[in-house]
Amino acid sequence: MAFEVTQRLASIGVRRNSASHFYGRSKKLSVSLLLALGKLSVSLLLALGKLSVSLLLALGKLSVSLLLALDRF
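Heads up: the sequence shown at position 63 corresponds to 292 in my numbering, and the numbers run straight through without jumps.
Structure follows, in structure tokens:
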């Protein structure tokens with residue numbers, strides 16, 4: 230009987246340790262995911278900024294070309 234009680238208590242301890250370990254791992258994973266999302270957001274913002282600048286430059290060149298073409302007529 231004492232052996233069964235000891236075994237049961239050991240089993241409960243293992244489950245608690247396992248739950249604590251799982252919580253710690255899930256917390257680390259959450260932090261890692263947040264950091265990755267932050268880096269992705271920064272990368273996307275930089276890419277959009279570069280794209281906007283490129284589009285503005287292209288539109289500016291197109292406007293100048295159109296004005297020059299209209300001026301020739």
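We put the CB at the ideal spot given by N, CA and C, even for glycine.
For residue i, the three-state DSSP class (helix, strand or coil)
i	result
Phe302	coil
C-alpha gap between residue i and residue j, whole angstroms
i	j	result
Lys279	Leu273	10 angstroms
Leu266	Ser249	26 angstroms
Ser292	Ser270	32 angstroms
Ser240	Ala276	53 angstroms
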